[in-house]
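Chain order of the listed sequences is U and V. Each residue of the first sequence is one higher than the one before, starting from 1 at the first, in this note's numbering. Each residue of the second sequence is one higher than the one before, starting from 1001 at the first, in this note's numbering.
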Amino acid sequence: MQPGSLDPTATDQSRHGDVLLSVRGLKTHFPLGQGWMGGRDVVRAVDGVDFDLRRGEVLGLVGESGSGKTTLGRSVTRLVEPTAGVIRFDGGDFRRLTGKELRRARRRLQIVFQDPYASLSPRMQIGQIVAEPLNLHRLVPPSQMKERVLELLGRVGIEPYFIYRYPHEMSGGQRQRIAIARTLALQPELIVADEPVSALDVSVQAQILKIFLGLKRTDGIAMLFVSHDIGVVERIADRISVMYRGLFVEQASTDRLIQSPLHPYTKALLAAVPGVVGEKRPRVRVRGEPPKATEELRGCPFAGRCALVEQVCRDVTPPLEPKAPGHDVACHLVG
Amino acid sequence: MLLSVRDLRSAFFLDEGELWAVDGISFDVDEGETIGLVGESGCGKTIVALSILDLIPYPGRVVSGRVSFEGRELLDLPPEEMRRVRGAGIGIVFQEAAAALNPVYRIGDQIADVVRLHRGLDKHEARREAVEVLGAMGIPEPEKRARSYPFELSGGMKQRAMIAIAMAGRPKLLIADEPTTALDLTVQAEIADLLRHIQDEYRMAILIISHDLELVAEMADRLMVMYTGRLVETADTNELVAEPRHPYTQGLLGAIPVLGAGSDTPLEGIPGAVPDLLDLPSGCTFHPRCQLADDECELEAPPLEGVMHRHQCACYKVTVQK
Chain U
1 MQPGSLDPTA
11 TDQSRHGDVL
21 LSVRGLKTHF
31 PLGQGWMGGR
41 DVVRAVDGVD
51 FDLRRGEVLG
61 LVGESGSGKT
71 TLGRSVTRLV
81 EPTAGVIRFD
91 GGDFRRLTGK
101 ELRRARRRLQ
111 IVFQDPYASL
121 SPRMQIGQIV
131 AEPLNLHRLV
141 PPSQMKERVL
151 ELLGRVGIEP
161 YFIYRYPHEM
171 SGGQRQRIAI
181 ARTLALQPEL
191 IVADEPVSAL
201 DVSVQAQILK
211 IFLGLKRTDG
221 IAMLFVSHDI
231 GVVERIADRI
241 SVMYRGLFVE
251 QASTDRLIQS
261 PLHPYTKALL
271 AAVPGVVGEK
281 RPRVRVRGEP
291 PKATEELRGC
301 PFAGRCALVE
311 QVCRDVTPPL
321 EPKAPGHDVA
331 CHLVG
Chain V
1001 MLLSVRDLRS
1011 AFFLDEGELW
1021 AVDGISFDVD
1031 EGETIGLVGE
1041 SGCGKTIVAL
1051 SILDLIPYPG
1061 RVVSGRVSFE
1071 GRELLDLPPE
1081 EMRRVRGAGI
1091 GIVFQEAAAA
1101 LNPVYRIGDQ
1111 IADVVRLHRG
1121 LDKHEARREA
1131 VEVLGAMGIP
1141 EPEKRARSYP
1151 FELSGGMKQR
1161 AMIAIAMAGR
1171 PKLLIADEPT
1181 TALDLTVQAE
1191 IADLLRHIQD
1201 EYRMAILIIS
1211 HDLELVAEMA
1221 DRLMVMYTGR
1231 LVETADTNEL
1241 VAEPRHPYTQ
1251 GLLGAIPVLG
1261 AGSDTPLEGI
1271 PGAVPDLLDL
1281 PSGCTFHPRC
1291 QLADDECELE
1301 APPLEGVMHR
1311 HQCACYKVTV
1321 QK
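Have a look at this one:
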């Protein structure tokens, strides 16, 4: 290990302090309108999730489309109002905040979206886009505004002459840099990053991922980093949670989860990642689809696709429990 | 030699100017071979496929070059003949199965149409064959699924149905353009398995086109790397991955977050972004992003030349080993 480089084993304890975000029993259900028999269908996008995120820690959230990972990120920031559960942000009850208090808390809890084409106003110049949150929260006096904006753009590798340009004049990677600069303007303590590199070409994706790594290492910003790409998450996350049909099925430190996954779904997911020649992983395949999120869950959500399934799996939903130190798994068959 | 493409050039004639999506590409596909074409978005890889099949939409067209398939010149064929080549000679699978399937026809009927057109079976036989093909593509309960409409199938099943349609004409070459891109990881792996299985079973050649180098490397015997309408490197898969020579290929490989590398492994991107095809840099189009570039690279585009056995590279800075 190089002097001055981060010791990965130290990240869990010494570098991270107290719990910044604590989520318990979080559920977000979306009504689907009136059913024809008078019943009301709901989509159980997030169906009971617990987790803690410490200061400066990056929790990676992986799962396939429809698993609820995006909704979880939005629920945590209350862009979508959760149906039930508790969210404590820096000790305070985040779900009860309103008005001015909510705005103040939101400054510290920011979100970066997947699509940098949709998340920037097409009618504003880059300089205005980055200055807007500073103005709204009155963080910088007008006389120092330009200096601060240029400083923020510098942090994300955007040249000063871009401040008078419009988003449509920039590439996807540049736009995502702008979105990050705008987020960074508020000096947040927590960033929910929702598939922030998924829309980018692989050569550009690595550049943006590097910026996020800088936010983690230099600024000590905690992150909930949502992605379907486990390889991307591996590079940035301290811990990884695997989501399936609205629930966490496994959670462990990054290296542990990738080297020794315990849940059959996580194993299948990792086996499905193509490997560049020379390091082929064993092929474990799962067939079929996850159960519909409109149906109330009975038993394990993965039971219908699991090769090891037993009767208990069909009857009882397994809780997410510690099966090894720092390694939680929701599976009846993991001892 | 099953397919031979020579100096293929295809352009779109837009109000803003001429957009050369394919700018002088040559390659061969042998019978039973799987060859991968890799590149980032907008490099023109899909237009290569559409050029081969003469399916480029207006205002684009193939401007010059030769495409010969089983010894026949495809670009000279009358439309009627070309239609027979598509399906019976060359099958194609697109990324968006949902968009490629006809939403108001049952899956079985869409396959039966292909069978009747290309293999001359009667209606009854064609139906039976459709069910057979669906089953061979790993679709459970094929009799039932043949009667389904596309909206009743999941994304993975739709892609299997799409592959079934492409296979129904028993083509010698299957072109698969981003066949797994819109799908979830576990479903992606199933479709990749299916394509491998088809290849073994039917001894068919496959041209697989994707932005995902890892996916293509797992499937293809040989790889071609494309950048701004040109091939910059081609080699056998193992060699290309182990010993990439072109700075772009090297950068691309270094940018992939390979799973299991460990959380502290640095990831290097390539500086800058893929240039706009309407506003390309002079000379080697990669030179503004290349660390090895000098004056020579800005003047003229380097030709694709052999650097080792079965390994070609288009770069002035790569030394040739004979």
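All C-beta atoms in this analysis are idealised placements derived from N, C-alpha and C, irrespective of residue type, glycine included.
Does any C-beta atom of chain U lie closer than 8 Å to the C-beta of residue i?
i                 : result
Ser1148 (chain V) : no
Ala1098 (chain V) : no
Glu1040 (chain V) : yes
Gly1260 (chain V) : yes
Gly1089 (chain V) : no
Glu1214 (chain V) : yes
Thr1186 (chain V) : yes
Pro1257 (chain V) : yes
Ala1235 (chain V) : no
Val1232 (chain V) : no
Val1093 (chain V) : no
Cα separation between residue i and residue j?
i                 : j                 : result
Ala272 (chain U)  : Gln144 (chain U)  : 51 Å
Pro82 (chain U)   : Leu109 (chain U)  : 16 Å
Ser75 (chain U)   : Arg88 (chain U)   : 12 Å
Arg165 (chain U)  : Pro133 (chain U)  : 18 Å
Ile1107 (chain V) : Arg1128 (chain V) : 13 Å
Ala1021 (chain V) : Pro1179 (chain V) : 21 Å
Met1224 (chain V) : Thr1034 (chain V) : 11 Å
Arg287 (chain U)  : Val1241 (chain V) : 30 Å
Leu1101 (chain V) : Lys292 (chain U)  : 24 Å
Thr183 (chain U)  : Gly335 (chain U)  : 43 Å
Arg40 (chain U)   : Met1157 (chain V) : 29 Å
Phe162 (chain U)  : Ala206 (chain U)  : 22 Å
Asp1113 (chain V) : Ala1126 (chain V) : 8 Å
Asp115 (chain U)  : Asp201 (chain U)  : 13 Å
Gly278 (chain U)  : Val1232 (chain V) : Here the model assigns Gly278 (chain U) a pLDDT of 44, short of 50, so the residue's position is not dependable, and the following value carries that caveat. Rounded to the nearest angstrom, the two C-alpha atoms are 23 Å apart.
Leu150 (chain U)  : Arg175 (chain U)  : 15 Å
Asp1109 (chain V) : Ser1064 (chain V) : 38 Å
Phe1151 (chain V) : Gly1138 (chain V) : 18 Å
Leu1299 (chain V) : His1287 (chain V) : 10 Å
Phe1012 (chain V) : Ser1282 (chain V) : 19 Å
Arg55 (chain U)   : Arg1170 (chain V) : 59 Å
Arg104 (chain U)  : Pro141 (chain U)  : 18 Å
Taking only beta-carbon positions, decide if residue i is within less than 8 Å of chain V.
i                : result
Pro274 (chain U) : yes
Pro3 (chain U)   : Because the pLDDT at Pro3 (chain U) is just 41, under 50, the model does not fix this residue reliably, and the value given afterwards should be weighed accordingly. Chain V contact via Cβ: absent.
Lys210 (chain U) : yes
Gln251 (chain U) : no
Leu109 (chain U) : no
On the three-state DSSP scale, how would you describe residue i?
i                 : result
Gly304 (chain U)  : helix
Met1162 (chain V) : helix
Asp1023 (chain V) : strand
Leu177 (chain U)  : Before going further, note that residue 177 (chain U) is Arg rather than Leu in the sequence given. Residue state, collapsed to three classes: helix.
Cys1313 (chain V) : strand
Gly326 (chain U)  : coil
Glu81 (chain U)   : coil
Gly278 (chain U)  : Confidence at Gly278 (chain U) is low in this model, with a pLDDT of 44, below 50, so its placement is unreliable and the value that follows should be read with caution. Looking at Gly278 (chain U) - three-state DSSP - the assignment turns out to be coil, as it is neither helix nor strand.
Arg165 (chain U)  : coil
Met1226 (chain V) : strand
Val1005 (chain V) : strand
Ala45 (chain U)   : strand
Asp255 (chain U)  : helix
Ala1011 (chain V) : strand
Arg107 (chain U)  : helix
Met145 (chain U)  : helix
Pro31 (chain U)   : strand
Asp1276 (chain V) : coil
Ile126 (chain U)  : helix
Tyr244 (chain U)  : strand
Cβ contact check for the stretch 235-247 of chain U and the stretch 59-72 of chain U: 3 or more pairs under 8 Å: Touching, per the Cβ criterion.
Length at least 3, wholly inside the stretch 1143-1200 of chain V: the beta strand (DSSP E) runs in chain order: 1173-1177
Touch test, the stretch 1242-1253 of chain V against the stretch 215-223 of chain U, Cβ-Cβ under 8 Å, three pairs minimum: The stretch 1242-1253 of chain V is not in contact with the stretch 215-223 of chain U.
Sequence ranges, alpha helix (DSSP H) only - wholly within the stretch 1038-1063 of chain V, length at least 4: 1045-1052
Continuous alpha helix (DSSP H) assignments of at least 4 residues falling wholly in the stretch 1204-1268 of chain V: 1213-1219, 1237-1242, 1247-1255
Minimum length 3: unbroken beta strand (DSSP E) runs contained in the stretch 193-238 of chain U: Listed in chain order, the complete beta strand (DSSP E) runs (minimum 3 residues) inside the stretch 193-238 of chain U are 222-226.
Segments of 3+ residues assigned as beta strand (DSSP E) that fall wholly inside the stretch 1057-1112 of chain V: Runs of the beta strand (DSSP E) inside the stretch 1057-1112 of chain V: 1060-1069, 1090-1093.
Unbroken stretches of the beta strand (DSSP E), 3 residues or longer, contained in the stretch 46-75 of chain U: 58-62
Three or more C-beta pairs below 8 Å linking the stretch 1173-1191 of chain V and the stretch 1203-1216 of chain V: Taking a contact to require three or more Cβ pairs closer than 8 Å, the stretch 1173-1191 of chain V and the stretch 1203-1216 of chain V qualify as touching.
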